[in-house]
Amino acid sequence: DACHCKLCVELDIAAWAPKVAVGGLMVFHDTDWHVQLRKPCQAMGHGKPERPGVYDAVMGSLILRESFHLAQALEGGCDRRGGYWEGTQVWRRHAGIRTA
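Numbers given in my numbering equal positions in the sequence shown, counted from 1, plus 802.
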């Protein structure tokens, strides 16, 4: 679970998506857009005001749109400690990632 600012999530996607095999999954949590408006860690990017973070990065990712499809989106769920995950998205790789 990395920093939740948009830039860090974009960097995580760029770093890890090429390592996912065709048919493999990328799973993101804290993907509900309303979470970003409530949680300070989502609303701040390295101490700077920034439009938040996980939802914007995932939904705006060209890498995900070109090489993955959204397989499942869940609004929320509980972890084993009783904490609430504010949304989960599962993306399945379907093609090669285009490079510039």
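Ideal Cβ placement from N, Cα and C applies to all residues, glycine included.
Here's a check: name, in chain order, each residue in its chain whose Cβ is nearer than 6 Å to the Cβ of residue i, leaving out the five neighbours to either side.
i, result
"Ala859", "Lys808, Val811 and Glu812"
"Val824", "Arg895"
Look up residue i in the DSSP assignment and say whether it is helix, strand or coil.
i, result
"Arg867", "helix"
"Ala875", "strand"
"Ala816", "helix"
"Val822", "coil"
"Cys810", "helix"
Just to confirm, is the Cβ distance from residue i to residue j under 7 Å?
i, j, result
"Val822", "Arg895", "yes"
Taking the alpha carbon of residue i as the point to measure from, which residue in the options has its own alpha carbon closest?
i, options, result
"Gly889", "Gly898, Leu864 and Gln874", "Gln874"
"Trp818", "Ser863, Arg883 and Glu877", "Ser863"
"Leu872", "Arg883, Arg882, Gly855 and Gly826", "Gly826"
"Phe830", "Gly855, Val824 and Arg882", "Gly855"
"Trp891", "Arg883, Glu877 and Arg882", "Strictly speaking, residue 891 in this sequence is Gln, with Trp absent from that position. Answer by Cα proximity: Glu877."
Within the same chain, show all residues whose beta-carbon is closer than 8 Å to that of residue i, passing over the 5 residues directly before and after it, in chain order.
i, result
"Ile815", "Met828, Ala859, Val860, Ser863, Ile865 and Leu866"
Kindly identify the DSSP beta-bridge partner or partners of residue i.
i, result
"Thr890", "His831 and Leu876"
"Arg895", "Phe870"
Here's a check: name, in chain order, each residue in its chain whose Cβ is nearer than 7 Å to the Cβ of residue i, leaving out the five neighbours to either side.
i, result
"Gly898", "Ser869"
"Thr833", "Val856, Tyr857, Val860, Gly889, Thr890 and Gln891"
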